[in-house]
Amino acid sequence: MQIGLNNKFGQHSATPAHLVVLAGVCLVWMAPLETARAKDLAPMYEETFDIASGGASLTRATRYGTVFSNPALLPFSGSFHRWLGSEFSMHINKESVDYAKTLLPGSTSNQSDSGDGSTNSASSKFVDHVFSAPFLAGTQTSFAYLNAYGGIGAFSKFEVDLEAQEYSESGMPAVTLRGKSYQGGTLSGAARIPFMPLSLGVTAKYLLAAEPMTSIDVADPNALAQYQDPSALADLVEQAAGYGFDVGALVFLQGPRMDYRFALKVDDAGGTSFSGSDQIKEFKQVTSAGAAVTFHTGKDAIHLAIDRRDMTNAYNTPPFKATRAGVKVILRNWVGLAAGYYDGYPSMGAEIDLILLKVGVASYRREISDAPGLTPRNIYVANFAAGF
Amino acid sequence: MPKSAQSKSMTCSTMMAMLVSVNLTGCGTKNLGSCPGINPLVKCTELTADEKIRIALDDGDLDTARSLLEEAIAAEPENYNRYPLLAAVYSGLAGFRLLNAISGASSTSGSTSVTSALDAFLPDPASMSRSDYNARIDLMGLAVSTIQALPASFLAESGTDKYAASAAQQLPLYLSAHAAMYMKLFTFNFDSGTSDLSQLTSMSATDADAIIAILTTAAAQGGTFGDLAASTLASINSGGGNNLDNLANFLGNSGS
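These protein sequence lines map, in sequence, to chains P and X. Mapping to numbering that gives the first Met the number 0: the first sequence position 47 is 46, numbers consecutive. Mapping to numbering that gives the first Met the number 0: the second sequence position 229 is 228, numbers consecutive.
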């Protein structure tokens, strides 16, 4: 588990010259670019432990998530080797878990269903459930090798969100489907600047992306007939392909008991153009910054971090989504606990390092829309990583 | 473990416990970005009128949704996309759930009148007073008049515009439900809470004319419920008398 203390990292102290250089780098990278609007700002790949800490991962990230969060973190692993292994995580929303529990043999709800012996009652209950609670599920997998100078990896993420509304915008009952499908490969490089507490990193990425979204009025026969045509469904999940770059910088000021970290990150530097789909044309350049303070002993640490995403308002990200804050606590280098605020809601989780197997869980709430409280999803995540 | 290391570990654990406690106390449904702001670090995000309406609807708070929609329509009367939603909210407040009617539409295939087709989806009069039921009939009337307030040019786009299509679908359904509820008023004894055809004597010629007019308008809309209204009207008019006698005969024979 790459949540260690970096305690093999050398001591540095900041000087005014260092900060001037950093400010210069910041000014160059923060120049906004006018590009087309993409649909979604949510991360394409995010580690469970980082989610648990509110998604504030610019200054400290976990395993393969490092190359997406901030590749400049790579040199601060404390050793040459950082991670070789595979990961798998599952996401499911709380309401679906709760409903599944009612279907288990022996559950009170299940007994009352079977008690009346009515199939109509059960199906009516199912319809009521579908129209009262959304369904969200997803998976994320990766395989990667990372060291202090870079890494290579491949990932896949799939997520579907199904929401039925008794009163849709048109007034009729409707079902809204939102999907996310991201696959790709990454090649990262990173280096520390000699004689300075500064590192720079870059991640080149090849992406296949689809973000289908449709709303179907269930009473509209034309809308329903439309999706009986396989080509309409194929159009809905048409994948776009594109190449892009993420660039990051990190200032690491280390003390005997307390460290400071300042990060700057540019996602999709210059914009990532896509082809092959009418749905996704471009991911806009997004500039983010983060700051953190770490209190540590030899093997324990508390890492308090705050990130500010989309500083140039490329996506007009509202403040509650742009601000991510959280804490990671590392105990004895094999247990990690985390809590934070993700999309303006509390998040928490834990991870345990069993040498070659790392198991993590998290619970958080994500806001699907840009309006606070409009379409929240309570999500459970379980993560399994095999590697070292 | 050395005493100092143990102490440091304890300190870490204590700090984590405190942070998790802070996190847990923040648990709830309120977002840090909700207004009025609750955190100086996160500027609150004001919701638009449509977002407030959506939250009220998702919370099942139809009264709030109604108020917000009425305000929004008063502020922007030419934003016709909100009218079908307000009509649906009125019908929901009347106790007529579109979802039930649509999911049970297949069960109407054998019906020849709006009373038998919609009876299962109308509010149960046994659970309310006559004045409460009258109020619900008025709400269903508001649902109808909200759709009827839309200009013909908007409804003409029902082939391509989902809001116009929704309005065109809702109108015959609400008209039929309005007529069925109106008729129920004269076949139900609200004092005893049972069906009672002797209540038909309370129906006036004005009431009968109003019900026939609603059914006539519904029949003109076509579609499943328009056709049902037409067949209901044909059954009523087969009596050959005036509207009051014909309707009383129809309701008496159908045992509604």
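Positions of the beta carbon are idealized from the N, C-alpha and C atoms, including for glycine.
**OP:** Anything in chain P within Cβ reach of glutamate 50 (chain X), meaning under 7 Å, just list it in chain order.
**Re:** Ala370, Leu373
**OP:** Specify whether the stretch 191-209 of chain P and the stretch 86-100 of chain X touch according to this definition: at least 3 beta carbon pairs, one from each stretch, less than 8 Å apart.
**Re:** Under the Cβ criterion (8 Å, minimum of three pairs), the stretch 191-209 of chain P does not count as touching the stretch 86-100 of chain X.
Subject >> C-beta atoms of valine 88 (chain X) and alanine 64 (chain X) nearer than 7 Å >> reply: yes
**OP:** Answer with yes or no whether the minimum CB distance from phenylalanine 261 (chain P) to chain X is below 7 Å.
**Re:** no
Original post:
Mind checking if threonine 44 (chain X) is an interface residue toward chain P, Cβ cutoff 7 Å exclusive?
Top reply: yes
Original post:
If you measure from the beta carbon of proline 317 (chain P) to each beta carbon in chain X, is any gap under 7 Å?
Top reply: yes
Subject >> Beta-bridge partners of histidine 302 (chain P), as assigned by DSSP >> reply: P:Thr293, P:Lys327
Original post:
Under three-state DSSP, which class holds asparagine 382 (chain P)?
Top reply: strand
Subject >> Test: tyrosine 162 (chain X) CB closer than 7 Å to a CB of chain P >> reply: Answer yes: the Cβ-Cβ gap between tyrosine 162 (chain X) and chain P drops below 7 Å somewhere.
Original post:
From arginine 36 (chain P) to tyrosine 314 (chain P), what distance separates their C-alpha atoms?
Top reply: Low confidence applies here, because arginine 36 (chain P) scores a pLDDT of 34, under 50, leaving its location unreliable and the question unanswered by this model.
**OP:** Thinking glycine 388 (chain P) and threonine 286 (chain P) are a contact (beta carbons under 8 Å), I'd like their distance in whole angstroms, please.
**Re:** Nothing can be reported for residue 388 (chain P), as the shown portion of chain P is limited to 0 through 387.
Original post:
So does threonine 202 (chain P) have its beta carbon nearer than 6 Å to some heavy atom of the ligand MG?
Top reply: Among the ligands in the structure shown, none appear at all, so the ligand MG cannot be discussed.
**OP:** Measure the alpha-carbon distance for alanine 16 (chain P) versus phenylalanine 194 (chain P) and round it to whole angstroms.
**Re:** With a pLDDT of 43 at alanine 16 (chain P), under the threshold of 50, the modelled position of that residue is not reliable, and the figure given next carries that caveat. If I take the Cα positions, the gap works out to 12 Å.
Original post:
Thinking just about the alpha-carbon of each residue, which of P:Leu83, P:Ala173, P:Ser346, P:Gly178 is nearest to the one in glycine 152 (chain P)?
Top reply: P:Leu83
Subject >> Option nearest valine 250 (chain P) by Cα separation, candidates P:Ala163, P:Ala132, P:Leu57 >> reply: P:Leu57
Original post:
CA-CA distance, glutamate 46 (chain P) and methionine 212 (chain P)?
Top reply: 25 Å
Original post:
Is there a Cβ from chain X that is less than 7 Å from the Cβ of alanine 37 (chain P)?
Top reply: For alanine 37 (chain P), the predicted model reports a pLDDT of 40, less than 50, meaning its position is unreliable and no value from the coordinates is stated.
**OP:** Would you kindly work out how many angstroms separate the C-alpha atoms of proline 371 (chain P) and serine 191 (chain X), rounded to a whole number?
**Re:** 49 Å
Subject >> Neighbour flag for proline 171 (chain X) against chain P, beta carbons, 7 Å >> reply: no
Subject >> Segment contact, 8 Å Cβ cut-off, at least three pairs: the stretch 337-348 of chain P with the stretch 317-326 of chain P >> reply: yes
Original post:
Looking at C-beta atoms only, is the number of pairs between the stretch 272-279 of chain P and the stretch 287-295 of chain P that lie closer than 8 Å three or more?
Top reply: Because the criterion of three Cβ pairs below 8 Å is not met, the stretch 272-279 of chain P and the stretch 287-295 of chain P do not touch.
Original post:
If you draw a straight line from the C-alpha of tyrosine 82 (chain X) to the C-alpha of aspartate 216 (chain P), how long is it?
Top reply: 16 Å
Original post:
When you compare only the Cα positions, how much space is there between proline 42 (chain P) and serine 180 (chain P)?
Top reply: 12 Å
Original post:
Taking the alpha-carbon positions, what's the lysine 357 (chain P) to lysine 280 (chain P) distance?
Top reply: 37 Å
Original post:
Where leucine 373 (chain P) and glycine 247 (chain P) are concerned, what is the direct C-alpha to C-alpha distance, given to the nearest angstrom?
Top reply: 33 Å
Original post:
Do asparagine 248 (chain X) and glycine 238 (chain X) have their C-beta atoms within less than 7 Å of each other?
Top reply: yes
Original post:
If you measure from the beta carbon of leucine 117 (chain X) to each beta carbon in chain P, is any gap under 7 Å?
Top reply: no
Original post:
Pick from P:Gly178, P:Lys156, P:Ala147, P:Gly149: whose alpha carbon is nearest that of glutamate 162 (chain P)?
Top reply: P:Gly178
**OP:** Pull up the distance between the alpha-carbon of alanine 51 (chain P) and that of serine 346 (chain P), whole angstroms please.
**Re:** 5 Å
**OP:** Within the same chain, show all residues whose beta-carbon is closer than 8 Å to that of leucine 154 (chain X), passing over the 5 residues directly before and after it, in chain order.
**Re:** Ala163, Ala166, Ala167
Original post:
Taking the alpha-carbon positions, what's the arginine 129 (chain X) to leucine 196 (chain X) distance?
Top reply: Cα to Cα, arginine 129 (chain X) sits roughly 15 Å from leucine 196 (chain X).
**OP:** Could you tell me whether the Cβ of valine 143 (chain X) comes closer than 7 Å to any Cβ of chain P?
**Re:** no
Original post:
Residues of chain X with CB under 7 Å from proline 172 (chain P), in chain order?
Top reply: Leu97, Leu98, Ile101
**OP:** Using a Cβ-Cβ cut-off of 7 Å, state whether asparagine 30 (chain X) counts as contacting chain P.
**Re:** Yes, because at least one Cβ of chain P sits closer than 7 Å to the Cβ of asparagine 30 (chain X).
**OP:** Please go through the same chain and pick out, in chain order, the residues whose beta-carbon is closer than 6 Å to the beta-carbon of leucine 138 (chain X), but skip the five residues on each side of it.
**Re:** Tyr89, Leu92, Ala93
Subject >> Nearest-angstrom Cβ-Cβ length linking leucine 67 (chain X) and alanine 86 (chain X), presumed shorter than 8 Å >> reply: 15 Å between Cβ atoms; not a contact.
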